[in-house]
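Trainee: Protein chains in written order, with my numbering: chain A, 1 to 435; chain B, 1 to 435. Note that the Cβ used here is the ideal one computed from N, Cα and C, for glycine as well. All values derive from a computational prediction rather than experimental measurement.
2 protein chains.
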Amino acid sequence: MTQVSIKRLSSSQSDFAQQLDALLAWESVSDKRVNQVVEDVITQVKARGDQALVDYTNQFDRMQAQSMAELELSTERLAKALHDLPAEQRAALEAAATRVSQYHERQKSDSWRYVEADGTHLGQQVTPMDRVGIYVPGGKAAYPSSVLMNALPAKVAGVNEIIMVVPTPDGVVNELVLAAAALAGVDRVFTIGGAQAVAALAYGTETVPKVDKIVGPGNIYVATAKRAVFGAVGIDMIAGPSEILVICDGKTNPDWIAMDLFSQAEHDEDAQSILLCPDEHYLNEVQSSIEKLLPTMERQAIIKTSLETRAALILVADLAEAAHISNRIAPEHLELSVEDPEALLPSIRHAGAIFMGRYTAEALGDYCAGPNHVLPTSGTARFSSPLGVYDFQKRSSLIMFSPEGASEMGKVASILARGESLTAHARSAEYRILD
Amino acid sequence: MTQVSIKRLSSSQSDFAQQLDALLAWESVSDKRVNQVVEDVITQVKARGDQALVDYTNQFDRMQAQSMAELELSTERLAKALHDLPAEQRAALEAAATRVSQYHERQKSDSWRYVEADGTHLGQQVTPMDRVGIYVPGGKAAYPSSVLMNALPAKVAGVNEIIMVVPTPDGVVNELVLAAAALAGVDRVFTIGGAQAVAALAYGTETVPKVDKIVGPGNIYVATAKRAVFGAVGIDMIAGPSEILVICDGKTNPDWIAMDLFSQAEHDEDAQSILLCPDEHYLNEVQSSIEKLLPTMERQAIIKTSLETRAALILVADLAEAAHISNRIAPEHLELSVEDPEALLPSIRHAGAIFMGRYTAEALGDYCAGPNHVLPTSGTARFSSPLGVYDFQKRSSLIMFSPEGASEMGKVASILARGESLTAHARSAEYRILD
Chain A
1 MTQVSIKRLS SSQSDFAQQL DALLAWESVS DKRVNQVVED VITQVKARGD QALVDYTNQF
61 DRMQAQSMAE LELSTERLAK ALHDLPAEQR AALEAAATRV SQYHERQKSD SWRYVEADGT
121 HLGQQVTPMD RVGIYVPGGK AAYPSSVLMN ALPAKVAGVN EIIMVVPTPD GVVNELVLAA
181 AALAGVDRVF TIGGAQAVAA LAYGTETVPK VDKIVGPGNI YVATAKRAVF GAVGIDMIAG
241 PSEILVICDG KTNPDWIAMD LFSQAEHDED AQSILLCPDE HYLNEVQSSI EKLLPTMERQ
301 AIIKTSLETR AALILVADLA EAAHISNRIA PEHLELSVED PEALLPSIRH AGAIFMGRYT
361 AEALGDYCAG PNHVLPTSGT ARFSSPLGVY DFQKRSSLIM FSPEGASEMG KVASILARGE
421 SLTAHARSAE YRILD
Chain B
1 MTQVSIKRLS SSQSDFAQQL DALLAWESVS DKRVNQVVED VITQVKARGD QALVDYTNQF
61 DRMQAQSMAE LELSTERLAK ALHDLPAEQR AALEAAATRV SQYHERQKSD SWRYVEADGT
121 HLGQQVTPMD RVGIYVPGGK AAYPSSVLMN ALPAKVAGVN EIIMVVPTPD GVVNELVLAA
181 AALAGVDRVF TIGGAQAVAA LAYGTETVPK VDKIVGPGNI YVATAKRAVF GAVGIDMIAG
241 PSEILVICDG KTNPDWIAMD LFSQAEHDED AQSILLCPDE HYLNEVQSSI EKLLPTMERQ
301 AIIKTSLETR AALILVADLA EAAHISNRIA PEHLELSVED PEALLPSIRH AGAIFMGRYT
361 AEALGDYCAG PNHVLPTSGT ARFSSPLGVY DFQKRSSLIM FSPEGASEMG KVASILARGE
421 SLTAHARSAE YRILD
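1. Going by other Cβ atoms of all chains shown within 10 Å of its Cβ, with 16 needed for buried, is L275 of chain B buried or exposed?
2. Are the beta-carbon atoms of Y446 of chain B and V412 of chain B separated by less than 8 Å?
3. Name the chain A residues whose beta carbon is nearer than 9 Å to that of Y203 of chain B?
4. Could you name the residues of chain A that Q89 of chain B contacts, counting a contact when the two beta carbons are closer than 8 Å?
5. For G405 of chain B, which three-state DSSP category applies?
6. Touching or not, the segment 240–249 of chain A and the segment 334–354 of chain A, by the rule of three or more beta carbon pairs under 8 Å?
7. Rounded to the nearest angstrom, what separates H267 of chain A and A25 of chain A at their Cα positions?
8. May I ask you to verify whether the segment 128–137 of chain A touches the segment 78–89 of chain A, counting CB pairs closer than 8 Å and requiring at least 3?
9. Quick check: the segment 419–431 of chain B against the segment 387–399 of chain B, are at least 3 beta-carbon pairs closer than 8 Å?
10. Considering K108 of chain A, what are the terminal residues of the beta strand (DSSP E) in which it resides?
11. How many angstroms separate the CA atom of E161 of chain A from the CA atom of M1 of chain A?
12. Give the straight-line distance between the Cα atoms of V286 of chain A and A343 of chain A, rounded to the nearest whole angstrom.
13. Which same chain residues end up closer than 7 Å to E321 of chain B when comparing Cβ atoms and leaving out the 5 residues on each side of it in sequence?
14. What distance in whole Å lies between the Cβ atoms of C368 of chain B and A95 of chain B, which are believed to be in contact at a cut-off of 8 Å?
15. How many Å lie between S67 of chain A and I163 of chain A at the Cα?
16. Could you name the residues of chain B that N372 of chain A contacts, counting a contact when the two beta carbons are closer than 9 Å?
17. When you compare each of B:V211, B:S263, B:Y103 and B:L20 to Y114 of chain A by their alpha carbons, which one comes out closest?
18. Step through the CB atoms of chain B and report whether any lies within less than 8 Å of the CB of W439 of chain A.
19. Look at the Cβ atom of E308 of chain A, then the Cβ atom of Q272 of chain A, and state whether they are nearer than 8 Å.
20. Return the residue from the list A:L313, A:E298, A:D187 and A:L294 that minimises the CA-CA distance to S74 of chain A.
21. Out of curiosity, what's the CA-to-CA distance linking A323 of chain B and S263 of chain B?
22. Using the Cα positions of A381 of chain A and L345 of chain A, report the straight-line distance between them to the nearest angstrom.
23. To the nearest angstrom, how far is the alpha carbon of T205 of chain A from that of V41 of chain A?
24. Where do the N-terminal and C-terminal ends of the alpha helix (DSSP H) with F60 of chain A fall, by residue?
25. Rounded to a whole number of angstroms, what is the C-alpha to C-alpha distance between G405 of chain B and S289 of chain A?
26. Out of A:A200, A:V173, A:T207 and A:N150, which one is the CA nearest neighbour of G185 of chain A?
27. Cβ of P153 of chain B versus every heavy atom of the ligand FAD: is any distance shorter than 7 Å?
28. Measuring CA to CA, which of A:A225, A:M259, A:A330 and A:F355 is closest to V45 of chain A?
29. Quick check on the DSSP output: the beta strand (DSSP E) that includes R227 of chain B runs from which residue to which?
30. With 16 other CB atoms within 10 Å as the buried threshold, where does V172 of chain A fall?
31. Would a check of beta-carbon distances place R382 of chain A closer than 8 Å to chain B?
32. Give me, in chain order, the residues of the same chain whose beta-carbon lies closer than 7 Å to that of N35 of chain A; leave out the 5 immediate sequence neighbours on both sides.
33. If we call anything under 8 Å between Cβ atoms a contact, is V233 of chain B one with A197 of chain B?
34. By alpha-carbon positions, which one of A:P241, A:R358, A:A311 and A:I348 ends up nearest to V374 of chain A?
35. In its own chain, which residues sit with a C-beta less than 7 Å from the C-beta of R227 of chain B, not counting the 5 before and 5 after it?
36. DSSP state of I6 of chain B, grouped into three classes?
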């Protein structure tokens with residue numbers, strides 16, 4: 001038993017809205033020093049290319065590379081990592097990759113077109129990006145599952161070339177990460193990281209090809225660099241700490257819920273785990289399970305800090321109110337650990353991923369359920385989506401007017417263009433008006 | 001006749017790639033002073049809310065407002081603007097709105113779900129955003145067509161509330177813009193602009209509600225503010241100067257092509273107009289048309305500066321090479337002014353909008369063809385798309401495991417989680433393994 005001091009709230013308390021706001025408040029660090037370092041790194045990589053990459057990598061990752069050739073891994077090296085994997089791990093990784101690919105196949109958009117009565121064609125052409133970059137963190141947060149989750153949607157989208165960057169501080173390589181890269185069909189891997197890797201992908205160097213979009217998680221330097229290069233290339237969302245919100249009717253084994261909360265909390269001290277339940281007695285049971293199970297956890301120090309600084313057990317009036325509060329939170333992960341999750345689903349408006357029913361542990365979604373584990377954090381599910389195939393496809397509008405259509409619409413365009421004092425627009429349209 | 005000095009290039013010249021790179025080079029201004037002003041404005045609006053908005057608006061737009069109540073336009077005021085419009089303009093605006101809505105209806109994504117053999121459900125729930133903000137510039141760049149193009153996709157997506165901000169410097173209101181807002185179903189309009197309007201939409205004030213996403217064009221202060229609030233809210237792409245690329249086989253009336261080039265050039269001095277043609281004689285004809293027509297244009301000073309600093313007439317070997325160069329450019333607007341545009345289309349990989357055939361003037365797409373006129377600029381069509389309904393919808397993954405499915409996948413997740421040393425993840429999954 002370890003005593004764990006977790007915030008308790010009730011939706012009936014008069015200051016609940018303020019308490020909830022305070023609980024959720026999260027400001028990503030906007031540090032002038034970090035900005036300056038990142039700006040310098042980007043400037044150097046743009047100016048000195050490979051040499052800057054080699055210098056920074058030797059400096060920050062304590063390497064002794066002479067040239068970029070030493071900082072690229074061959075496809076044979078990746079294949080060897082996959083080949084040498086213990087059979088059980090390889091089978092699990094392959095099972096996960098298959099399910100993730102199958103789910104993502106459903107996300108592919110197709111081109112479409114329609115023809116109007118006068119013969120005018122309108123449509124939308126959907127094409128994959130040519131080349132994308134995937135950032136994979138080194139060190140303790142090096143996750144093979146992230147390689148699959150970032151690379152496979154690009155592969156399904158039909159992206160021609162996938163470039164991965166992964167720092168190897170002190171030369172330490174993660175074999176599982178390389179195996180996942182081989183399995184996901186990553187084309188080239190450079191053992192570089194930090195803002196220098198982001199800059200290389202965004203602007204290209206002699207060795208590292210410029211990509212169209214950069215995805216994948218990273219530390220504050222990586223996030224700051226991604227924000228800085230946004231526009232020159234596309235980026236995915238800049239992720240905050242991971243979160244889980246569990247709505248429980250009080251009938252799930254409290255040990256299960258405690259462990260589900262732990263599974264977010266173990267990511268890092270800033271991760272956030274929240275439980276909503278209409279049964280106060282059940283909240284106490286989960287509290288007891290937490291205190292019972294915590295001493296058995298390998299990452300108990302991280303979990304304890306996370307739970308004591310960021311978690312909350314919240315008493316709600318009923319499940320309808322829980323859904324309402326969930327929409328306010330717009331959680332990254334939402335577990336509906338209730339008897340009838342289908343009944344609750346229509347009330348859920350904002351969430352990255354929704355895990356329905358007592359058997360659907362959030363952890364399954366992290367690895368092998370099929371949907372992506374890269375999800376909008378910090379309430380951004382209000383306006384953004386899981387990483388998906390759509391992030392690696394783009395659309396072009398198609399317009400082909402018949403002479404009759406151009407004539408009729410030319411009249412409309414002419415009036416509107418003249419209303420905006422854009423005479424060249426008007427005359428360009430008017431040329432196509434038939435006599 | 002006005003002599004116009006336009007750059008001439010040929011794809012056969014040895015330094016063509018470098019010349020093309022130089023022509024396309026565009027760096028958006030990253031001015032430390034602008035950044036500082038924007039940072040201050042955002043800080044003030046977050047701290048002082050309405051009062052900061054009123055102060056900045058009085059200062060920057062030379063207004064004398066006492067409170068935010070004076071800086072909101074009633075729906076009656078918008079309806080009156082629409083009602084008072086000349087019949088011809090109203091009909092044109094309505095025709096455009098109808099076509100834009102019809103096209104965008106085809107972009108709506110639907111939720112989907114599938115059931116696996118063991119009873120596990122996987123799917124994707126698609127929902128609209130709750131509330132979005134539309135920035136509409138005041139002054140010379142106040143375009144009613146932009147109101148339609150930004151508001152209607154949100155409306156089609158099912159967004160519950162659309163908030164528009166439009167500065168009215170010196171109190172000057174654009175009736176066409178208000179009419180377009182009424183027609184598009186904008187819910188509330190505030191006569192504020194600049195970084196202060198962006199900050200208000202991103203963080204909310206006593207009067208201006210916080211939105212989920214901000215779209216719409218603006219000056220460097222607006223663009224800088226959008227970049228700064230990105231993450232707290234969603235934003236659309238930050239637009240560079242407008243561009244057109246025309247691929248012509250040399251058989252279109254050269255006056256038409258000259259006017260199509262003008263229609264981009266008249267936007268502003270930085271706009272870019274490029275023509276690719278395999279017929280040198282035709283390039284000379286277009287040059288003559290340009291010199292003949294320029295003196296007849298209202299915005300001839302802007303057009304001349306734009307053409308002389310940013311345009312190019314480029315001789316290519318053939319249409320296949322033109323398509324190749326077009327993919328390098330990834331233009332915002334691409335006209336395929338050729339006999340058989342369908343034959344050329346499969347070679348086009350990157351473009352915001354593709355205008356096919358001699359009759360399809362780009363200007364039609366700006367107003368009433370149906371597709372959106374908010375398009376990726378400066379080569380960003382490599383990784384981004386026209387503004388669309390998809391920009392106002394977001395997705396949530398759905399996962400509902402059957403007990404059997406959870407048991408099988410729990411085994412896979414357990415192996416992978418332990419490979420990542422995430423024991424709580426593993427144990428959370430293992431609890432659901434059936435005996």
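Mentor: Reading from the atomic positions:
1. Taking the second sequence and counting its residues from 1, one reaches residue 275 of chain B at position 275. Buried, since its Cβ has 16 or more Cβ neighbours within 10 Å.
2. This structure cannot speak to residue 446 of chain B, because chain B is shown only from 1 to 435.
3. The residue you call residue 203 of chain B lines up with position 203 of the second sequence. The contacting residues do not exist; Y203 of chain B stays about 12 Å from chain A at best.
4. Reading the second sequence from its first residue, position 89 is the one you call residue 89 of chain B. Correct list: I415, L416 and G419.
5. Indexing the second sequence from 1 puts residue 405 of chain B at position 405. Reduced to three states, the DSSP call for G405 of chain B is helix.
6. yes
7. Residue numbering aside, residue 267 of chain A sits at position 267 when the first sequence is read from its first letter. Residue numbering aside, residue 25 of chain A sits at position 25 when the first sequence is read from its first letter. Their Cα atoms are separated by approximately 19 Å.
8. no
9. no
10. If you number the first sequence from 1, residue 108 of chain A lands on position 108. Looking at the DSSP string, K108 of chain A is not in any beta strand (DSSP E), and its letter there is neither H nor E.
11. Reading the first sequence from its first residue, position 161 is the one you call residue 161 of chain A. Reading the first sequence from its first residue, position 1 is the one you call residue 1 of chain A. Near 52 Å, if we compare the C-alpha coordinates of M1 of chain A and E161 of chain A.
12. Position 286 of the first sequence holds residue 286 of chain A. Position 343 of the first sequence holds residue 343 of chain A. C-alpha separation (whole angstroms): 24 Å.
13. Counted from its first residue, the second sequence places residue 321 of chain B at position 321. So the list reads S11, once near-sequence residues are dropped.
14. Counting from one through the second sequence, the residue named residue 95 of chain B turns up at place 95. Counting from one through the second sequence, the residue named residue 368 of chain B turns up at place 368. Yes, they are in contact, since the Cβ atoms of A95 of chain B and C368 of chain B sit about 6 Å apart, within 8 Å.
15. The sequence position of residue 67 of chain A within the first sequence is 67, counting from 1. The sequence position of residue 163 of chain A within the first sequence is 163, counting from 1. C-alpha separation (whole angstroms): 18 Å.
16. Position 372 of the first sequence holds residue 372 of chain A. What N372 of chain A touches in chain B: S397.
17. Position 114 of the first sequence, counted from the first residue, corresponds to residue 114 of chain A. When only C-alpha atoms are compared, the closest one is B:Y103.
18. As displayed, chain A neither begins before 1 nor continues past 435, which places residue 439 of chain A out of reach and without an answer.
19. In the first sequence, counting from the first residue as 1, residue 308 of chain A sits at position 308. In the first sequence, counting from the first residue as 1, residue 272 of chain A sits at position 272. No. Outside cutoff.
20. Within the first sequence, the letter at position 74 stands for residue 74 of chain A. Comparing Cα-Cα distances from S74 of chain A to each of A:L313, A:E298, A:D187 and A:L294, the minimum goes to A:D187.
21. One-based indexing of the second sequence puts residue 323 of chain B at position 323. One-based indexing of the second sequence puts residue 263 of chain B at position 263. When rounded, the distance between both Cα atoms is 22 Å.
22. Within the first sequence, numbered from 1, the residue matching residue 381 of chain A stands at position 381. Within the first sequence, numbered from 1, the residue matching residue 345 of chain A stands at position 345. Distance between the alpha carbons of A381 of chain A and L345 of chain A: 16 Å.
23. In the first sequence, residue 205 of chain A corresponds to position 205, counting from 1. In the first sequence, residue 41 of chain A corresponds to position 41, counting from 1. One C-alpha to the other measures close to 13 Å.
24. Residue 60 of chain A sits at position 60 when you count from the first residue of the first sequence. Here the alpha helix (DSSP H) through F60 of chain A covers D50 to F60.
25. Taking the first residue of the second sequence as position 1, residue 405 of chain B is located at position 405. Taking the first residue of the first sequence as position 1, residue 289 of chain A is located at position 289. Taking the straight line from one Cα to the other gives about 26 Å.
26. The residue given as residue 185 of chain A occupies position 185 in the first sequence. Out of A:A200, A:V173, A:T207 and A:N150, A:N150 has the C-alpha closest to the C-alpha of G185 of chain A.
27. Annotation note on the ligand FAD: not contained in the displayed structure, which lists no ligands.
28. Taking the first residue of the first sequence as position 1, residue 45 of chain A is located at position 45. Checked all of A:A225, A:M259, A:A330 and A:F355; the closest Cα to V45 of chain A is A:A225.
29. As a first step, residue 227 of chain B must be located in the second sequence, where it is residue number 227. Here R227 of chain B belongs to no beta strand (DSSP E); instead the alpha helix (DSSP H) covers I220 to V229.
30. Looking up residue 172 of chain A in the first sequence gives position 172. So V172 of chain A counts as exposed.
31. Counted from its first residue, the first sequence places residue 382 of chain A at position 382. Judged by the 8 Å Cβ criterion, R382 of chain A is in contact with chain B.
32. Numbered from its first residue, the first sequence carries residue 35 of chain A at position 35. Correct list, in chain order: T224.
33. By 1-based counting over the second sequence, the position of residue 233 of chain B is 233. By 1-based counting over the second sequence, the position of residue 197 of chain B is 197. Not a contact, by the Cβ cut-off of 8 Å.
34. As a first step, residue 374 of chain A is located in the first sequence; it is residue number 374 there, counting from the start. Per the Cα distances, A:P241.
35. Sequence index remark: in the second sequence, residue 227 of chain B carries index 227 (1-based). Correct list, in chain order: I238.
36. For this step, residue 6 of chain B is matched to residue 6 along the second sequence. In the structure shown, I6 of chain B sits in coil (DSSP, three-state: anything other than H, G, I, E or B).
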